[in-house]
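Report on the structure given below.
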Amino acid sequence: MAKRIRNVKELSSLREDAKAEIDLRTGAKATQITVHMGTCGIAAGARDILTEFAGELTRGSIGNVTLRQSGCFGMCAQEPMITVTDKSGKEFRYGNLDKAKVHRIVREHILGASPVAEYLITT
């Protein structure tokens with residue numbers, strides 16, 4: 136049974152909780168990291184890359200980033216790969232990733248707003 140709302144304060148609290156949950160699901164944060172997890176990506180190590188990004192974001196208490204998964208991007212030779220989407224909607228694709236590259240991308244691109252040119256792939 137649903138909880139009964141008794142006053143405006145409870146309604147406002149419910150609204151804020153719902154908004155936070157929707158923002159979490161829809162990625163309404165400044166930056167999004169999408170790990171491409173098609174069969175080819177998983178075989179190339181995308182699961183480890185996803186885990187490493189999650190760990191880096193948690194360890195660094197980086198809260199303005201949404202970490203997502205998607206299917207295959209169609210560039211199997213570049214797997215594992217990610218797409219970083221900044222708050223303006225600009226996309227940056229990184230390929231042939233490993234754990235060391237994840238650390239550098241977080242440090243330089245996510246925290247420093249400076250894409251790591253040598254890891255970028257052009258589409």
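This note's numbering applies: residue 136 is where the sequence shown begins, and numbers increase by one.
All C-beta atoms in this analysis are idealised placements derived from N, C-alpha and C, irrespective of residue type, glycine included.
Model, not experiment: these values are computed from the prediction.
*Contact check, M172 vs Q213 under 8 angstroms by CB: the rounded distance?*
Contact flag wrong, Cβ pair sits at about 14 angstroms.
_Length-filtered (3 minimum) beta strand (DSSP E) runs lying within the stretch 151–234_ = With a minimum length of 3 residues, the continuous beta strand (DSSP E) runs that stay inside the stretch 151–234 are 166–171, 200–205, 217–220 and 226–229.
_Candidates P250, T257, V241 and S249: closest to I184 by CA position_ = Here the closest residue by C-alpha is V241.
*asked:* Let's test the definition: count the other Cβ atoms within 10 Å of the Cβ of G224 and tell me whether it reaches 16, buried, or not, exposed.
replied: Only exposed fits G224, as fewer than 16 other CB atoms lie within 10 angstroms of its CB.
*Measuring CA to CA, which of L149, R194 and D221 is closest to H244?*
Checked all of L149, R194 and D221; the closest Cα to H244 is D221.
_Straight-line gap, T174 to C207 (C-alpha atoms, nearest Å)_ = T174 and C207: Cα-Cα distance of roughly 7 angstroms.
*Outcome for A179 when other beta-carbon atoms lying within 10 angstroms are tallied against a minimum of 16*: Buried, by the Cβ-count rule.
*Please confirm if C211 has its CB atom under 8 angstroms from at least one CB of chain B.*
Here there is only one protein chain, and chain B is not present.
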